[in-house]
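Accompanying notes for the structure given below.
Numbering (the numbering used here), first residue to last: 253 to 469.
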């Protein structure tokens, strides 16, 4: 395992030296980064194979869990070191590509390119204005549609309200008429009852006295 740690230490030194080396041509530096990535990948595979061998050996020992924890700790440390190297390479690659992009952009800054850029900006502005006008027209159409729907809804609500008001008025009239009819019928009934009672009393007053029974012989 000491050989693995020494190899990892040397790889870290190589990565640091690579990051500090004088700048070369962008293509050559990108190629060196790719080669360094391949080296890191191979180193990771080699280390993992060694750790797997150690894992297998742990299962033959009495203190299996303690052995595995030790192996995993060294595995995490070694893999973290390789990951740090990859991060340095990624940062360097982004820096190289960014510088190359800036260089290419500066090379295109000729009068013709500037005019083309100005034309593109003008066209983009016209398209933007056109989109704004279309969106404004859509918003106006939506507003008109909503206003029409609102007016229609209000008209329907008014129509329904009028129908309900008429229905309530008709119901009130019918209820009032029914109440008047009921009162009239009650008065008529009372009048008939009074008349019947009066006639009955009159009949009792005018009824001839009953004949006396004949005397016995």
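Glycine residues also receive a C-beta, built at the ideal position from the N, C-alpha and C atoms.
Asked	Found
Best match in 349, 366, 296 and 357 for proximity to residue 332 [C-alpha to C-alpha]	296
Cβ-based burial, residue 403 [other Cβ within 10 Å; buried from 16]	exposed
Buried versus exposed call for residue 288 [16 or more other C-beta atoms within 10 Å across all chains shown]	buried
Three-state class that DSSP yields for residue 314 in the structure shown	coil
The segment 296-309 contacting the segment 319-331, beta-carbon criterion three pairs below 8 Å	yes
At least 3 beta-carbon pairs within less than 8 Å: the segment 371-379 vs the segment 330-350	no
Same chain, Cβ closer than 7 Å to residue 435, neighbours up to 5 away in sequence not counted	none
Alpha-carbon spacing of residue 424 relative to residue 385, whole angstroms	57 Å
Supposed close pair residue 348, residue 281 - CB separation, criterion 8 Å	5 Å
beta-carbon residue 328 near the ligand GTP non-hydrogen atom, thresh 7 Å	The ligand GTP is not part of this structure, which contains no ligands at all.
Per-residue burial, residue 309 [other beta carbons within 10 Å of its own, 16 or more giving buried]	exposed
For residue 285 and residue 368, believed in contact at Cβ under 8 Å, the rounded distance	Not quite, the Cβ-Cβ distance comes to about 33 Å (not below 8 Å), so this is no contact.
Counted within 10 angstroms of its Cβ, other Cβ atoms place residue 354 as buried (16 or more) or exposed	exposed
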